[in-house]
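K.L.:
Protein chains in written order, with this note's numbering: chain A, 2 to 497; chain B, 227 to 350.
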């Protein structure tokens with residue numbers, strides 16, 4: 002059993018090596034290596050999850066020979082392992098679902114690069130989830146940004162290159178702020194390891210010294226990560242980046258990359274700053290307000306959109322708003338709701354992007370609404386999967402979105418000061434969600450004589466597998482939410 | 227408060243440079259100027275780190291004349307962080323420049339707003 006303690010570090014290093022090896026392989030070999038890698042990663046993370054759940058406590062893995070205040074560390078608890086496992090699963094399903102499109106649209110001699118980038122993206126996500134060192138986190142934030150930029154512009158058109166440039170600019174602003182924040186935190190505390198910083202910050206907070214610099218530092222890091230995870234009003238790059246890249250890229254970017262940054266922020270709140278100190282700085286209230294604004298304005302922009310891919314992208318902005326609203330509640334219940342929504346949104350958004358590819362594929366590749374009429378009859382499976390994803394987003398019982406909305410509402414009721422705005426905006430946002438998702442579902446189920454040919458599941462086996470498994474994941478999150486909640490609670494308990 | 231600005235002038239300079247770089251990266255329309263802004267911003271952070279790691283009257287932590295006392299040397303970690311940061315910012319700069327080259331080859335301009343307008347025209 003002791004050997005499992007090596008698994009998180011092994012998982013990160015394996016991805017790096019696979020990325021390097023893939024860069025010398027043929028596209029097909031790179032693809033198989035990537036898929037095999039993700040399956041191995043899932044096994045490693047599952048073992049870690051089992052080990053931490055059985056022993057009931059988090060463990061620290063020392064990288065290299067230097068002990069605590071100097072060396073670099075990896076730390077794994079239940080929540081980290083669960084999220085890592087989930088990331089691997091959703092990534093594999095997104096890649097499988099979009100594989101056909103990739104082979105058609107990406108140039109033959111560049112296809113292997115897609116898998117190199119995917120390997121590195123997975124590596125950086127796992128490192129962000131597991132690391133116990135702030136500067137390591139910063140380095141992997143940048144690796145994540147660079148590989149995500151590559152995923153956006155793998156299909157070279159004017160639109161994708163422009164989207165990549167806009168994505169890079171906003172991301173660099175965010176990482177500049179994050180780096181400045183953590184350099185100042187290093188100066189204030191003299192440590193880079195999360196647990197050591199937390200002790201020093203607690204001492205500083207108790208003595209009342211350096212109150213203003215500490216607040217500024219926390220603000221810089223929070224805003225930096227908020228920009229990178231596309232919190233309203235920093236979401237300007239989202240519609241282009243998710244709207245014009247390939248389906249796999251969009252699914253991975255919206256469901257995993259932005260969630261990696263949010264998880265890092267949650268780790269910073271709990272393990273670096275300390276929940277009480279963070280709450281005392283009142284930054285939670287700012288996050289709460291911007292979260293609420295994002296929930297409304299993201300949905301309004303989505304309603305106006307006439308391009309289905311951009312509509313789903315704007316819906317992401319609204320959903321990120323939900324997560325920040327949960328963090329902004331400043332209570333344990335709000336945080337549990339936010340983390341549950343990370344899982345639920347990732348499962349539903351990946352499903353929507355993959356199914357959307359099936360729908361547009363049966364409409365001559367057009368993303369305009371007028372061409373999509375009746376698409377669910379031409380591609381029955383993708384239509385059904387899109388409907389399932391939409392229902393989950395809107396929050397129908399049995400689907401995961403319902404549970405997150407329920408948890409958000411419960412958290413709001415427990416918080417006197419924020420109850421009214423949170424509940425009102427939650428209700429309004431749900432109605433807006435229903436407006437644009439149901440509009441789309443009704444349109445694709447409106448029968449019409451169409452010049453486009455239908456697609457059966459035999460012509461799209463991988464898409465079928467991906468859609469079915471993602472729908473099952475959504476239903477699993479929705480029907481067995483109690484066990485997920487228990488794991489999240491257990492994981493948050495290990496953060497302290 | 228005012229006197230502190232003169233004592234800690236390195237930090238003040240670093241912060242001003244950070245602001246200049248940040249504003250350029252955010253507000254400039256020209257892609258090359260944006261990249262320059264990003265480099266100023268990163269350099270300001272490295273200046274801040276290097277200044278914080280330096281202790282007046284001490285030497286770089288490389289043992290040459292057999293002195294092994296900790297008090298003789300400065301803190302090496304900020305220098306290490308600066309090096310790591312430089313590696314990151316070089317790779318990001320290279321990536322940004324390569325994207326800029328591609329955009330320029332397609333649209334023959336470096337102005338991001340003009341590029342957006344050209345792309346819209348291309349699609350219509």
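Quick reminder that beta carbons are idealized off the backbone N, C-alpha and C, glycines included.
Just by C-beta distance, which residues in the stretch 177 to 193 of chain A are closer than 7 Å to chain B?
P.N.:
The stretch 177 to 193 of chain A vs chain B, Cβ under 7 Å: 177, 180, 181, 184, 188.
K.L.:
Taking Cβ positions only, does residue 232 (chain A) come closer than 8 Å to chain B?
P.N.:
no
K.L.:
Can you tell me whether DSSP reads residue 143 (chain A) as helix, strand or coil?
P.N.:
Residue state, collapsed to three classes: helix.
K.L.:
Would residue 471 (chain A) and residue 351 (chain A) be called neighbours here (beta carbons separated by less than 8 Å)?
P.N.:
yes
K.L.:
Based on DSSP bridge pairs, tell me the residues matched to residue 77 (chain A).
P.N.:
A:60
K.L.:
Quick one: what's got a C-beta closer than 6 Å to residue 464 (chain A)'s C-beta in the same chain, skipping five residues either side?
P.N.:
98, 359, listed in sequence order.
K.L.:
Flag this pair as touching only if the stretch 335 to 351 of chain A and the stretch 237 to 256 of chain A have three or more C-beta atom pairs under 8 Å; answer yes or no.
P.N.:
yes
K.L.:
State yes or no: is the beta carbon of residue 165 (chain A) nearer than 8 Å to at least one beta carbon in chain B?
P.N.:
yes
K.L.:
Determine the direct distance from the alpha carbon of residue 3 (chain A) to that of residue 234 (chain A), and round the result to whole angstroms.
P.N.:
46 Å
K.L.:
Could you tell me the alpha carbon to alpha carbon distance between residue 164 (chain A) and residue 153 (chain A), rounded to whole angstroms?
P.N.:
7 Å
K.L.:
Looking only at its own chain, which residues have a Cβ that is under 6 Å from the Cβ of residue 242 (chain A), when we skip the five neighbours before and after it?
P.N.:
Within the same chain, residue 242 (chain A) has close Cβ partners 153, 164, 168.
K.L.:
Apart from the five residues on each side of it in sequence, which residues of its chain come closer than 8 Å, Cβ to Cβ, to residue 1 (chain A)?
P.N.:
No answer is possible for residue 1 (chain A): it lies beyond the span of chain A, which begins at 2 and ends at 497.
K.L.:
Based on the DSSP output, what are the partners of residue 334 (chain A) in its beta bridges?
P.N.:
Answer is none; residue 334 (chain A) lacks a bridge partner.
K.L.:
Quick check on residue 480 (chain A): buried or exposed, where buried means 16 or more other Cβ atoms within 10 Å of its Cβ?
P.N.:
exposed
K.L.:
Measure the beta-carbon distance from residue 569 (chain A) to residue 342 (chain A) and round it to whole angstroms, keeping in mind my assumption that it falls under 8 Å.
P.N.:
It is not possible to answer for residue 569 (chain A), since the shown part of chain A is limited to 2 through 497.
K.L.:
Using a cut-off of 9 Å between C-beta atoms, extract the partners of residue 251 (chain B) located in chain A.
P.N.:
170, 173, 174, 177
K.L.:
For the pair the stretch 313 to 328 of chain B and the stretch 276 to 292 of chain B, tell me if three or more CB-CB distances fall below 8 Å.
P.N.:
no
K.L.:
Contact criterion: CB-CB distance below 8 Å. Does residue 140 (chain A) meet it with respect to chain B?
P.N.:
So yes, residue 140 (chain A) belongs to the interface.
K.L.:
What residues from chain A crowd round residue 264 (chain B), counting only those whose CB sits closer than 8 Å?
P.N.:
173, 177
K.L.:
Strictly below 9 Å CB to CB, what residues from chain B border residue 89 (chain A)?
P.N.:
At a C-beta separation below 9 Å, residue 89 (chain A) has no neighbours in chain B, since its nearest C-beta there lies roughly 25 Å away.
K.L.:
Quick check on this structure: which residue in A:38, A:468, A:230, A:209 has the alpha carbon closest to the alpha carbon of residue 318 (chain A)?
P.N.:
A:230
K.L.:
With DSSP as the reference, identify every bridge partner of residue 132 (chain A), one or two as the case may be.
P.N.:
For residue 132 (chain A), which the question treats as bridged, DSSP gives the partners A:75.
K.L.:
Please report how far the alpha carbon of residue 467 (chain A) lies from the alpha carbon of residue 217 (chain A), in whole angstroms.
P.N.:
44 Å
K.L.:
Tell me residue 299 (chain B)'s beta-bridge partners as DSSP assigns them.
P.N.:
B:285
K.L.:
Secondary structure at residue 308 (chain A), three-state DSSP: helix, strand or coil?
P.N.:
Three-state result, residue 308 (chain A): strand.
K.L.:
Please name the residue or residues paired with residue 256 (chain B) in a DSSP beta bridge.
P.N.:
B:337
K.L.:
Contact criterion: CB-CB distance below 8 Å. Does residue 159 (chain A) meet it with respect to chain B?
P.N.:
True, the Cβ-Cβ gap to chain B drops below 8 Å.
K.L.:
Closest to residue 198 (chain A) by CA distance: which of A:70, A:376, A:495, A:337 is it?
P.N.:
Considering only A:70, A:376, A:495, A:337, the residue with the shortest C-alpha distance to residue 198 (chain A) is A:70.
K.L.:
Which residues of the stretch 330 to 343 of chain B have a Cβ closer than 9 Å to any Cβ of chain A? Give them in chain order.
P.N.:
From the stretch 330 to 343 of chain B, only 332, 333, 338, 341, 342 have a Cβ closer than 9 Å to chain A.
K.L.:
Does any residue of chain C have a CB that is nearer than 8 Å to the CB of residue 268 (chain B)?
P.N.:
Included in the structure are the protein chains A and B, with no chain C among them.
K.L.:
Tell me the DSSP secondary structure of residue 27 (chain A) in three-state form.
P.N.:
coil
K.L.:
Is the shortest distance between the beta-carbon of residue 322 (chain B) and the beta-carbons of chain A less than 8 Å?
P.N.:
yes
K.L.:
By Cβ distance below 7 Å, which residues in the same chain neighbour residue 337 (chain B) in space, the five residues on each side in sequence not counted?
P.N.:
255, 256
K.L.:
Taking C-beta pairs closer than 7 Å, name the residues in chain A that residue 314 (chain B) reaches, listed in chain order.
P.N.:
140, 143
K.L.:
Roughly how many whole angstroms lie between the Cα atoms of residue 420 (chain A) and residue 413 (chain A)?
P.N.:
5 Å
K.L.:
From the DSSP output, in three-state form, read off residue 232 (chain A) for me.
P.N.:
coil
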